[in-house]
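In this note's numbering, the protein residues as written are 102 to 242.
Every residue gets a Cβ at the ideal spot worked out from N, C-alpha and C, and that includes glycine.
Note that the structure is a prediction, hence the values are computed from the model and not measured.
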């Protein structure tokens, strides 16, 4: 079992619950040393490492994700992302390892370099995203 840090569409239960089969405890955490950016022509973001160690990406940590669901997440994230183990930090300052999907170095050309707006996604982008990825659940159940 692994903890999984999410920072984009998977932070939202409407998306997370379409991908995974289990139910997991969730907690707000942050990842240091990364930036979250838009993807060209898409509603979802990517993260990439930066030299600024004070840079933080806020997200949601799902605890003790089962191996089958981790494999489903790998398929969902696809070739643009590489799963890495990184340290995340809770609001109380506790640091622990988590699986994180980072943009693969071969696909940095997809980065738009505009910051990804969580509120915009929540209000406008999530509906479009769910329409585009509605088939994932049916194809991988």
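Separation of residue j from residue i, as counted between CA atoms
| i | j | result |
| --- | --- | --- |
| residue 154 | residue 135 | 8 Å |
| residue 206 | residue 216 | 19 Å |
| residue 151 | residue 202 | 15 Å |
| residue 231 | residue 131 | 25 Å |
| residue 251 | residue 190 | Nothing can be reported for residue 251: it is not among the residues displayed for the chain, which extend from 102 to 242. |
| residue 185 | residue 196 | 16 Å |
| residue 156 | residue 111 | 21 Å |
| residue 214 | residue 140 | 8 Å |
| residue 174 | residue 218 | 22 Å |
| residue 194 | residue 187 | 15 Å |
CB of residue i within 8 Å of CB of residue j, strictly
| i | j | result |
| --- | --- | --- |
| residue 109 | residue 145 | yes |
| residue 171 | residue 192 | no |
| residue 149 | residue 211 | no |
| residue 162 | residue 113 | no |
| residue 234 | residue 204 | no |
Close-in-space but distant-in-sequence residues of the same chain around residue i (CB under 6 Å, 5 per side omitted)
| i | result |
| --- | --- |
| residue 223 | none |
| residue 229 | 144 |
| residue 158 | 108, 132, 135, 137 and 148 |
| residue 127 | 161 and 163 |
| residue 117 | 111 |
Cβ neighbours of residue i in the same chain (closer than 7 Å, five flanking residues each side left out)
| i | result |
| --- | --- |
| residue 102 | 165, 166 and 167 |
| residue 226 | 144 |
Those residues which DSSP pairs with residue i across a bridge
| i | result |
| --- | --- |
| residue 157 | 133 |
| residue 116 | Residue 116 pairs with nothing; no bridge assigned. |
Nonlocal neighbours in the same chain, by C-beta distance under 8 Å from residue i, ignoring five residues either side
| i | result |
| --- | --- |
| residue 239 | For residue 239, the pLDDT reaches just 38, beneath the cut-off of 50, and the residue's location in the model is therefore unreliable, leaving the point undetermined. |
| residue 104 | 162, 163, 164, 165, 166, 189, 197, 198, 199 and 200 |
| residue 115 | 227 and 231 |
| residue 209 | 149 |
Contact between the region 166-174 and the region 119-129 (3+ Cβ pairs under 8 Å): At 8 Å Cβ cutoff, the stretches touch.
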